[in-house]
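In my numbering, the protein residues as written are 3 to 134.
Beta carbons are placed, not taken as given, at the ideal position from N, Cα and C, and that holds for glycine.
Owing to the predicted nature of the structure, the values given are computational and were not obtained by experimental measurement.
Report on the following structure.
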Amino acid sequence: MALSKREEKGFTLLEVIIALMISGFALAAMLGSLEAGLASGSRAQRDLYATSLARSQLAGVLSTLSMRPGSQSYDLEGHYHSNVEIRQIADAPTKDGGDRIGLFSISVQIHQDGTGRSVTLTSRAVRPSVQE
Numbered sequence: 003m004a005l006s007k008r009e010e011k012g013f014t015l016l017e018v019i020i021a022l023m024i025s026g027f028a029l030a031a032m033l034g035s036l037e038a039g040l041a042s043g044s045r046a047q048r049d050l051y052a053t054s055l056a057r058s059q060l061a062g063v064l065s066t067l068s069m070r071p072g073s074q075s076y077d078l079e080g081h082y083h084s085n086v087e088i089r090q091i092a093d094a095p096t097k098d099g100g101d102r103i104g105l106f107s108i109s110v111q112i113h114q115d116g117t118g119r120s121v122t123l124t125s126r127a128v129r130p131s132v133q134e
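See below:
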């Protein structure tokens, strides 16, 4: 009496369950990466917009013919806020003995409500000096 060997083809239930578990872990990792990527993209877009606002504010200040030291705050669109600070850091007489000229430092800071992130741009400009 010969024992008959039956050849079985296919996967066992255990192999299928293990394959599904591995696939589930891989899918969960990919979805987590996708979510992190989308959040980073959104954060980068907000930072880019804040930088654009800061450049615009700085260009507005630099376009003026005279500057007064001080600080001003502005509320901008999209829950953004701006703080512009102008300081005179040096002054010197002109060669012809006319009005003194001053070196001014301009700082523009933009921040958005609730994010805790801000963008700061600084520049310098030469304008007629402010006598105090």
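- Under DSSP, Gly104 takes part in a beta bridge, and its partners are Asp93, Arg129.
- Beta bridge pairing from DSSP links Asp77 with His83.
- DSSP lists Ile112 as the bridge partner or partners of Val121.
- Between the segment 101–113 and the segment 45–63, the count of Cβ pairs shorter than 8 Å is three or higher; the stretches touch.
- In summary, Leu60 is buried, with 16 or more beta-carbon neighbours lying within 10 Å of its beta-carbon over all protein chains present.
- Classified as buried, Ile88 has 16 or more neighbouring CB atoms from the shown chains inside 10 Å of its CB.
- In this structure, the straight-line span from the alpha carbon of Gly118 to that of Tyr51 is close to 15 Å.
- Around the beta-carbon of Met32, fewer than 16 other beta-carbon atoms lie within 10 Å, marking it exposed.
- DSSP places Gly12 outside both helix and strand once states are collapsed to three, so it counts as coil.
- As the crow flies, the alpha-carbon of Thr96 is around 24 Å from that of Gly72.
- Straight-line measurement puts the Cα of Leu123 at about 19 Å from the Cα of Glu79.
- Gly99 carries a coil assignment under DSSP once its states are collapsed to helix, strand and coil.
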